[in-house]
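So for the sequence shown, the UniProt record's numbering puts the first residue at 1; every next one is plus one.
Ideal Cβ positions, reconstructed from N, Cα and C, are used throughout, including at glycine.
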Amino acid sequence: MHLDLYWVNRVKGYAKCPASCGEFVQGMIGNEEYLCSYAVNLFSEVYLEERKDGEEEDLTERVKGTEKKIYIRNVKKSRLAIRKVFEKYDIPVETLNNLSVKIISEVPVSKGMGSSTADIGAAIGAALNLIGEKMTPEEIAEIASSIEPTDSVFMEDNVIFNPVKGKVKEKLGYIDDMKVLLLEPNKYLNTVDLRKNRMYKEAKMRNREIIENAFKMLKKGFTEKDREMIGRACTASSLANENICKKEYLHEIIEVSDKFGGFGVNVAHSGTIVGILVDKDFDCTEMIAELKRREIDKVYSDMYTLDIIKGGIRYE
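Laid out in structure tokens, this is it:
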């Protein structure tokens, strides 16, 4: 397919992709790394528009009239994702030079919430929207993972997923009656740099037995719709990950979760955030008060709830 430049100048492409809140479980199964992430109601949006006269740079914007933080982005990876879509459909790459890429994102950067994944996914979706093509979630994941290790938010349901190869190992389903109390610190971690550490895989291998059991527990929890079992799998994976990416106050956070009826605690295994899984109707006021009483907010200064939602690229 070849795209007429005149046509490109008259249309716009748009898509948005959800963030994740760390992972339920992440680690080695056999000799390969897998994860099961979950989507939350924060999004990256990408707009593709005709590049205006004199416009030399891509744009980011802040949304007015919202209390949510809006994060500024580097669009290099998003442009690469769009280029790969164009190449797949035999569209001249020069076409990309005639487009501006605008990203509006609510997703915190370098915290383990899949900010790059959301940007890349939204860029792929916007490119597809622009040229009138469709890809399966698996095809989108394959493109995203060719740019950098990614998570599984392109899939509507929760899956066990290889972040390096972009391949689904097993589909688990979806449970729609949970939310997460997110604990966000003023600390950042570059996921790519962490993965480059030569000790990363060695530490993952030492955790393999615990993680394989956590994945089994997670699968059973989804099969039986048992949120407490899902939570236990998350907590086990979080504790195992302490030898790779330590989280301050993790044991105290688990105690607070248990005290107030949380299902379990999950982490960004290569990030800085921590999540407490609770029922979607749970009032987190007392739980937050207890966390602050223990002065955990000195590290995790932002505490707020997010809905756990289905994954997938959206076009409206």
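Rounded distance between the beta-carbons of residue j and residue i, thought under 8 angstroms
i: residue 46; j: residue 19; result: Actually they do not touch by this definition, with Cβ atoms about 14 angstroms apart.
i: residue 275; j: residue 182; result: 5 angstroms
i: residue 313; j: residue 125; result: 4 angstroms
i: residue 153; j: residue 311; result: 4 angstroms
i: residue 168; j: residue 138; result: 6 angstroms
Own chain partners of residue i with C-beta closer than 6 angstroms, once the 5 adjacent residues on each side are dropped
i: residue 25; result: 36, 214, 215, 218, 233 and 237
i: residue 204; result: 27 and 28
i: residue 307; result: 41 and 179
i: residue 164; result: 149
i: residue 140; result: 124 and 154
i: residue 17; result: 44, 118, 121, 122 and 313
i: residue 231; result: 263, 264 and 277
i: residue 156; result: 310, 311 and 312
CA nearest to the CA of residue i, picked from the options
i: residue 187; options: 98, 142, 272 and 161; result: 272
i: residue 289; options: 304, 150 and 98; result: 304
i: residue 246; options: 92, 270 and 177; result: 270
i: residue 296; options: 277, 220, 111 and 250; result: 250
i: residue 78; options: 122, 113 and 107; result: 122
i: residue 291; options: 252, 231, 211 and 199; result: 252
i: residue 240; options: 170, 212 and 225; result: 212
i: residue 127; options: 14, 94, 258 and 299; result: 14
i: residue 200; options: 81, 111, 284 and 243; result: 243
i: residue 318; options: 91, 189, 110 and 258; result: The structure shown does not extend to residue 318, since the chain is modelled only from 1 through 316, so no value can be given for it.
i: residue 110; options: 248, 316 and 189; result: 189
i: residue 103; options: 75, 112 and 80; result: 75
i: residue 80; options: 112, 309, 136 and 145; result: 145
Whether residue i touches residue j by CB criterion (9 angstroms)
i: residue 50; j: residue 129; result: no
i: residue 294; j: residue 256; result: yes
i: residue 260; j: residue 279; result: no
i: residue 85; j: residue 147; result: no
i: residue 38; j: residue 158; result: yes
i: residue 105; j: residue 185; result: no
i: residue 223; j: residue 254; result: no
i: residue 48; j: residue 82; result: yes
Residues near residue i in its chain [Cβ-Cβ closer than 7 angstroms; skip 5 each side]
i: residue 229; result: 217, 220 and 221
i: residue 32; result: 162
i: residue 299; result: 185, 248 and 249
Cutoff 9 angstroms: residue i Cβ touching any chain B Cβ
i: residue 110; result: Among the chains of the structure shown, chain B does not appear; only one protein chain is present.
Cβ shell of residue i (< 8 angstroms), same chain only, five flanking positions each side left out
i: residue 227; result: 175, 177, 178, 221, 263, 277 and 279
i: residue 11; result: A caution first: residue 11 carries a pLDDT of 47, below 50, which makes its placement in the model unreliable, though a value can still be read off. Hits under 8 angstroms: 130.
i: residue 151; result: 20, 23, 35, 37, 114, 117, 161 and 163
i: residue 54; result: In this predicted model, residue 54 has a pLDDT of only 45, less than 50, meaning its place in the structure is not dependable; the value taken from the coordinates is given anyway. Counting only Cβ-Cβ distances below 8 angstroms, and skipping sequence neighbours, we find nothing.
Original post:
Can you give, in chain order, each stretch of the beta strand (DSSP E) that sits fully within the segment 170-239 and has at least 3 residues?
Top reply: 178-184, all fully within the segment 170-239.
Original post:
At what residue ranges does the segment 60-145 contain a whole run of the beta strand (DSSP E), taking only runs of 3 or more?
Top reply: Qualifying beta strand (DSSP E) stretches, in chain order: 99-105.
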